[in-house]
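Trainee:
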Amino acid sequence: MHVMKSPPLRAIQAFEAFGRLGSVTGAAEELGVSAGAVSQQIRKAEETLGVQLLERRGRVVTMTSWGRLYHSAISTGFSHIREAQELLERARTESALTISCLPSLASKWLAPQLFDWQARHVGATVRLIGAEEEVRFGEEPFDFRISYGVKNRDYDHFSELFTDWVVPACSPMLLERQPLRRPADILERPLLAIEWARDHRSPPTWAEWAASIGERHRKVAGDVAFSMSSAAIDAAVNGRGFVLAQLSMAGDDIASGRLVVPFNLPLKLPHPYFLAWDRSALQKPFGSELRTWMMSIAAQHGAKYTRQQTHAL
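Under the working numbering, think of the first position of the sequence shown as 8, with each following residue one higher.
#1: Who does isoleucine 81 pair with in a DSSP beta bridge?
#2: Measuring alpha carbon to alpha carbon, tell me which residue in Pro273, Gly65, Pro15 is nearest threonine 170.
#3: How big is the Cα-Cα spacing for leucine 112 and proline 279?
#4: Count the other CB atoms within 10 Å of the CB of phenylalanine 22; is the residue buried (16 or more) or exposed (fewer)?
#5: According to the Cβ coordinates, are phenylalanine 249 and alanine 242 closer than 8 Å?
#6: Taking 6 Å as the limit between beta carbons, can you name the residues of its chain near leucine 28, skipping five residues before and five after?
#7: Give the straight-line distance between the Cα atoms of histidine 224 and proline 292, rounded to the nearest whole angstrom.
#8: So what does DSSP say about threonine 132, is it helix, strand or coil?
#9: Can you name the residues that DSSP bridges to arginine 152?
#10: Assess, as a yes-or-no matter, whether the region 36-44 is touched by the region 52-59 under the definition of 3 or more beta carbon pairs within less than 8 Å.
#11: Measuring only the C-alpha atoms, how far is isoleucine 193 from proline 277?
#12: Under the three-state reduction of DSSP, which class applies to leucine 276: helix, strand or coil?
#13: At what residue ranges does the region 224-267 contain a whole run of the alpha helix (DSSP H), taking only runs of 4 or more?
#14: What are the start and end residues of each continuous alpha helix (DSSP H) run of 4 or more residues lying completely inside the region 190-224, in chain order?
#15: Tell me which residues share the same chain as isoleucine 136 and place their Cβ nearer than 6 Å to its Cβ, disregarding the 5 neighbours each side in the sequence.
#16: Cβ atoms of glycine 246 and serine 166: under 8 Å apart, would you say?
#17: Could you check the C-alpha separation between alanine 319 and tryptophan 172 for me, to the nearest Å?
#18: Kindly indicate which three-state DSSP category valine 58 falls into: helix, strand or coil?
#19: Assuming leucine 168 is part of the beta strand (DSSP E), what are its boundary residues?
#20: Could one say the Cβ of arginine 63 lies closer than 8 Å to chain D's Cβ atoms, at least one of them?
#21: Roughly how many angstroms lie between the CA atoms of glutamine 47 and arginine 64, to the nearest whole one?
#22: Just mark alanine 310 as buried or exposed, buried being the case when its beta carbon has 16 or more other beta carbons within 10 Å.
#23: If contact is defined by three or more beta carbon pairs under 8 Å, each pair taking one atom from either stretch, is the region 284-299 in contact with the region 135-151?
#24: Using DSSP with H/G/I as helix, E/B as strand and the rest coil, what is glutamate 146?
#25: Which stretch, first to last residue, makes up the alpha helix (DSSP H) that contains valine 31?
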């Protein structure tokens, strides 16, 4: 059985461009070569295939019936290649950058600072999405993911951001109504607990904090547990009880006086937060700058609070 050899790809490309554009000159301009080079490649395709693809009548060059048949078959493949290139180009030049972030960290830490970054980067569009679920880069429209702990194993490219601390905090009005004499008195006040989803190890509990000051925590009826750290912090701001507040999320509330820390007795979280990214995100406009900025503010946060809490211990 005779097997027809396939022409070189450059020869097929030259013939496809000729058939689509209708002229040797047009094909040459698109491919960035001379008209003679296009004609030479098409002759090479004819020699390999053993059929005449073009017929020349004076100065007019048209496809033969063999040529039309062959062009119809190969044009589909080249059309798909062009569509793929256009898709990649749109993705690469699309200015929007999408960050998936754990909800509480998104609303309490990243979002307030993100406005400043966007103000300094005119033309950049950033979408911040709070989500518990981890993302699949390449399959979902995300460029960056900020998450916690051992979830970094889900990603090929990631960097540690910071390890957070918690401190007991409450609203000033709660402290006025129920003054404290010593740290252990906090354990007799309404306590707001935080219990993260099962696939994340929760931040330090009141039992762990009590043990750190040499006390025991006896859970009482009326304690409220939240699955989101931000909700527990908001409840504390509203005078509902004491919360073991993460400094990354409660820093603004503490600085403004909406929350007070009667005793600076911190506990460190067991794992760090991390930033993961899709490699293609760094090819987008502002993508590399955004990653550098997020790592920079995380480093500043980590250094500031680690220094403060180490001195407090």
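Don't be surprised by glycine CBs; every beta carbon is placed ideally from N, CA and C.
Treat the numbers as computed from the prediction; the structure is a model and nothing was measured.
Mentor: Based on what the coordinates show:
#1: Walking along the sequence shown from the start, residue 81 turns up at place 74. Assignment of beta-bridge partners to isoleucine 81 by DSSP yields no partner.
#2: As a first step, residue 170 is located in the sequence shown; it is residue number 163 there, counting from the start. It is Pro273.
#3: Here residue 112 refers to the residue found at position 105 of the sequence shown. Here residue 279 refers to the residue found at position 272 of the sequence shown. Our two residues, leucine 112 and proline 279, have alpha carbons roughly 13 Å apart in a direct line.
#4: Taking the sequence shown and counting its residues from 1, the one referred to as residue 22 is at position 15. Here phenylalanine 22 is buried: its Cβ has 16 or more other Cβ atoms, across all protein chains shown, within 10 Å.
#5: Stepping through the sequence shown from its first residue, residue 249 is reached at position 242. Stepping through the sequence shown from its first residue, residue 242 is reached at position 235. Going by beta carbons, phenylalanine 249 and alanine 242 fall outside the 8 Å limit.
#6: Residue mapping note: residue 28 aligns to position 21 of the sequence shown, counting from 1. Around leucine 28: Ala34.
#7: For the purposes of this step, residue 224 is taken as the residue at position 217 of the sequence shown. For the purposes of this step, residue 292 is taken as the residue at position 285 of the sequence shown. Their backbone Cα atoms lie some 52 Å apart in a straight line.
#8: Here residue 132 is taken as the residue at index 125 of the sequence shown, counted from 1. Taken through DSSP and simplified to helix, strand or coil, threonine 132 comes out as strand.
#9: Within the sequence shown, residue 152 is the residue found at index 145, counting from 1. In DSSP, arginine 152 forms a bridge with Ser107, Ala283.
#10: Contact fails: fewer than three Cβ-Cβ distances are below 8 Å.
#11: If you number the sequence shown from 1, residue 193 lands on position 186. If you number the sequence shown from 1, residue 277 lands on position 270. Whole-angstrom Cα-Cα distance: 23 Å.
#12: What you label residue 276 is simply residue 269 of the sequence shown in a count that begins at 1. Here DSSP, grouped into helix, strand and coil, assigns leucine 276 to coil.
#13: Secondary structure in the region 224-267: the alpha helix (DSSP H) runs of 4 residues or longer, each lying completely within the stretch, are 236-244, 254-263 in chain order.
#14: Listed in chain order, they are 213-219.
#15: To locate residue 136, count along the sequence shown from 1; it is residue 129. Excluding residues within five positions, the ones whose Cβ falls inside 6 Å are Ser107.
#16: Along the sequence shown, read from residue 1 onward, the residue named residue 166 stands at position 159. Along the sequence shown, read from residue 1 onward, the residue named residue 246 stands at position 239. Taking a C-beta distance under 8 Å as the contact criterion, serine 166 and glycine 246 do not qualify as a contact pair.
#17: For this step, residue 319 is matched to residue 312 along the sequence shown. For this step, residue 172 is matched to residue 165 along the sequence shown. Because the pLDDT of alanine 319 is 49, which lies under 50, any placement of that residue in the model is unreliable, and the number read from its coordinates should be weighed accordingly. Using only the alpha carbons, I get a separation of about 12 Å.
#18: Within the sequence shown, residue 58 is the residue found at index 51, counting from 1. Residue state, collapsed to three classes: coil.
#19: Position 161 of the sequence shown holds residue 168. 165-169 is the span of the beta strand (DSSP E), which, as asked, contains leucine 168.
#20: Absent from the structure is chain D; it holds one protein chain and no more.
#21: Position 40 of the sequence shown, counting from 1, holds the residue named residue 47. Position 57 of the sequence shown, counting from 1, holds the residue named residue 64. Near 18 Å, if we compare the C-alpha coordinates of arginine 64 and glutamine 47.
#22: On the sequence shown, residue 310 is found 303 positions in, with the first residue counted as 1. Flag for alanine 310 reads exposed.
#23: Yes, since at least three Cβ pairs between the region 135-151 and the region 284-299 fall closer than 8 Å, the two stretches touch.
#24: Residue numbering aside, residue 146 sits at position 139 when the sequence shown is read from its first letter. Glutamate 146 falls in the coil class under three-state DSSP.
#25: Reading the sequence shown from its first residue, position 24 is the one you call residue 31. Residue range 31-38 is occupied by the alpha helix (DSSP H) that includes valine 31.
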